[in-house]
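Here's the structure, in structure tokens; my notes come after.
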Amino acid sequence: MSSPKVLFGFHAVGVRLKTAPQSIIEVYFEASRRDARMRQFLERA
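In the numbering used here, the protein residues as written are 23 to 67.
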């Protein structure tokens with residue numbers, strides 16, 4: 023296994039969720055952000 027890498031941003035993490043979801047160890051997010059885009063992202067994660 024390669025060393026952990028940090029990804030950030032909706033696009034980068036979203037693509038990783040689609041192509042290699044098993045490679046994601048943790049997801050950090052801004053708890054105060056409650057807009058539709060964040061809700062949809064967290065549902066996919």
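Ideal placement from N, C-alpha and C gives every residue a C-beta, glycine not left out. Values in this document were obtained by computation on a predicted structure and should not be read as measured data.
If you compare alpha carbons, which of the options is closest to residue i?
i, options, result
"Gly36", "Ser24, Pro26, Val49, Ala53", "Val49"
"Arg59", "His33, Ala42, Ile47", "His33"
Please report how far the alpha carbon of residue i lies from the alpha carbon of residue j, in whole angstroms.
i, j, result
"Arg61", "Ser25", "29 angstroms"
"Gly31", "Ser45", "16 angstroms"
"Phe63", "Ala42", "16 angstroms"
Enumerate in chain order the residues of its own chain whose CB-to-CB distance from residue i is below 8 angstroms, with the five nearest sequence positions on each side excluded.
i, result
"Glu52", "Met60"
"Leu39", "Ile46, Arg66, Ala67"
"Arg55", "none"
Leaving out the 5 sequence neighbours to the left and right, which residues in its chain are closer than 7 angstroms to residue i when beta-carbon positions are compared?
i, result
"Leu29", "Val35, Arg38"
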